[in-house]
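Right, one structure below, let's go through it.
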Ligand code: T5A
């Protein structure tokens, strides 16, 4: 990790409707002024433009390689313009999704194991020592998460949300593999619990990371 970095970089990830946004925002409120909520894809001005491309209906026929490149392009801009300055300023960043999602969606769920070698090479170069301090997986059965996400209404669903259940089961497997096997700083929180308990369990992991 880069020696100039003074803040903490916390990633919350999970399948559709796991509660990432709800929990991330609640955690930021509880941590106070020094904590910032950020999200992926997006998080910086330019990366938010790439987000529009990635989540638009036009993107639904794009292949995993195209998406892989765009998610990493957005991530690099977000890292450079938001994450690094905030960490160097001593802030705590709570990020809604990060590269764990690229691993789960573009590589595992879309069935592209050949992208994995490239994933670790790009990660090494693009993150440039600014790896997250912890990845927290908000773990939930996809059927339950999709029901929650669906309760917001059809207009709120993107083309990833609308994929078949098997895709979301693969996403879940990919996220679990990433957090439990591919990195050494992954933690799992049971996201099927009531929202206040999920927030409390997530805060407990974050507090431990900040010690
Ligand atoms: N993607 C992203 C990739 O393919 N590759 C990548 O590299 C990256 C970074 C982004 C999409 O991009 C894909 C993955 C995604 O499909 P998005 O619009 O940012 O899409 O949406 P998501 O990240 O999927 O987030 P969602 O909005 O679907 O779900 P959240 O944030 O997990 O859930 P949240 O907090 O909005 O909650 C959903 C509903 O559940 C309720 C909430 O009140 C809300 O109504 N809820 C609970 N209900 C009961 N109990 C609880 N514990 C609850 N917690 C929340």
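Residue numbers (our numbering): 312 to 522. Every residue gets a Cβ at the ideal spot worked out from N, C-alpha and C, and that includes glycine.
**Study point:** Among 493, 471, 488, the one whose alpha carbon lies nearest that of residue 370
**Key:** In the chain shown, the residue the question calls residue 370 occupies position 59. Out of 493, 471, 488, 471 has the C-alpha closest to the C-alpha of residue 370.
**Study point:** Where residue 522 falls: helix, strand or coil (DSSP)
**Key:** Here residue 522 corresponds to residue number 211 of the chain shown, with the count starting at 1. Correct three-state label for residue 522: coil.
**Study point:** Minimum C-alpha distance to residue 382 - residue among 478, 358, 438
**Key:** The sequence position of residue 382 within the chain shown is 71, counting from 1. Measuring from the Cα of residue 382, the nearest candidate turns out to be 358.
Check your understanding: Since residue 404 and residue 447 are thought to touch, with beta carbons under 8 Å apart, how far apart are those beta carbons, to the nearest angstrom?
Key -> For the purposes of this step, residue 404 is taken as residue 93 along the chain shown, with counting starting at 1. For the purposes of this step, residue 447 is taken as residue 136 along the chain shown, with counting starting at 1. Between residue 447 and residue 404 the Cβ distance is about 13 Å, and since that is not below 8 Å, they are no contact.
**Study point:** Boundaries (first-last residue) of the beta strand (DSSP E) holding residue 446
**Key:** Locating residue 446 in the chain shown gives position 135, where the first residue counts as 1. Segment 445-450, the beta strand (DSSP E) holding residue 446.
Review point. Looking at C-beta atoms only, is the number of pairs between the stretch 485-497 and the stretch 447-465 that lie closer than 8 Å three or more?
Key: yes
Point to revise | N-terminal and C-terminal residue of the alpha helix (DSSP H) that residue 475 is part of | key: For the purposes of this step, residue 475 is identified with residue 164 of the chain shown, where counting begins at 1. Premise fails: residue 475 is in no alpha helix (DSSP H) and is neither H nor E.
Review point. For residue 414, which option in 389, 379, 402 has the closest C-alpha, if you only look at C-alpha atoms?
Key: In the chain shown, counting from the first residue as 1, residue 414 sits at position 103. When each option's Cα is compared against that of residue 414, the closest is 379.
Check your understanding: According to DSSP, which residues form a beta bridge with residue 320?
Key -> Start at 1 with the first residue of the chain shown, and residue 320 comes out as number 9. According to DSSP, which records beta bridges pairwise, residue 320 is partnered with 404.
Review point. Taking the continuous alpha helix (DSSP H) assigned at residue 348, which residues delimit it?
Key: Within the chain shown, the letter at position 37 stands for residue 348. Looking at the DSSP string, residue 348 is not in any alpha helix (DSSP H); the run it does join, the beta strand (DSSP E), is 346-350.
Check your understanding: If you count every other CB in all the chains shown that lies within 10 Å of the CB of residue 466, and 16 or more means buried, which is it?
Key -> On the chain shown, position 155 is the one that residue 466 refers to. So residue 466 counts as exposed.
**Study point:** Integer-rounded CB distance, given that residue 317 should sit under 8 Å from residue 401
**Key:** The residue labelled residue 401 in the question sits at position 90 within the chain shown. The residue labelled residue 317 in the question sits at position 6 within the chain shown. Contact flag correct, Cβ pair sits at about 4 Å.
Check your understanding: residue 337 to residue 461, Cα distance in whole Å?
Key -> Mapped onto the chain shown, residue 337 falls at position 26. Mapped onto the chain shown, residue 461 falls at position 150. Approximately 21 Å, taken between the alpha carbons.
Exercise for review: Would you mind listing the beta strand (DSSP E) stretches within the stretch 490-520 that are 3+ residues and don't spill past its ends, in chain order?
Suggested key: 497-501
Practice item. Hey, could you find the ends of the alpha helix (DSSP H) residue 331 is sitting in? Key: Your numbering for residue 331 matches position 20 in the chain shown. Counting along the chain, the alpha helix (DSSP H) containing residue 331 begins and ends at 331-342.
Practice item. Report yes if the C-beta distance between residue 410 and residue 434 is below 8 Å; otherwise report no. Key: Locating residue 410 in the chain shown gives position 99, counting from the first residue. Locating residue 434 in the chain shown gives position 123, counting from the first residue. Cβ atoms of residue 410 and residue 434: closer than 8 Å.
Review point. Buried or exposed: residue 396, going by 16 or more other Cβ atoms within 10 Å of its Cβ?
Key: One-based indexing of the chain shown puts residue 396 at position 85. It is exposed - the Cβ of residue 396 has fewer than 16 other Cβ atoms within 10 Å.
Check your understanding: Can you tell me whether DSSP reads residue 367 as helix, strand or coil?
Key -> In the chain shown, residue 367 corresponds to position 56, counting from 1. Reduced to three states, the DSSP call for residue 367 is coil.
Review point. Roughly how many angstroms lie between the CA atoms of residue 454 and residue 494, to the nearest whole one?
Key: Start at 1 with the first residue of the chain shown, and residue 454 comes out as number 143. Start at 1 with the first residue of the chain shown, and residue 494 comes out as number 183. Cα to Cα, the separation comes out at about 26 Å.
Check your understanding: In whole angstroms, what separates the C-alpha of residue 473 from that of residue 328?
Key -> Counting from one through the chain shown, the residue named residue 473 turns up at place 162. Counting from one through the chain shown, the residue named residue 328 turns up at place 17. Going by the C-alpha atoms only, they are around 12 Å apart.
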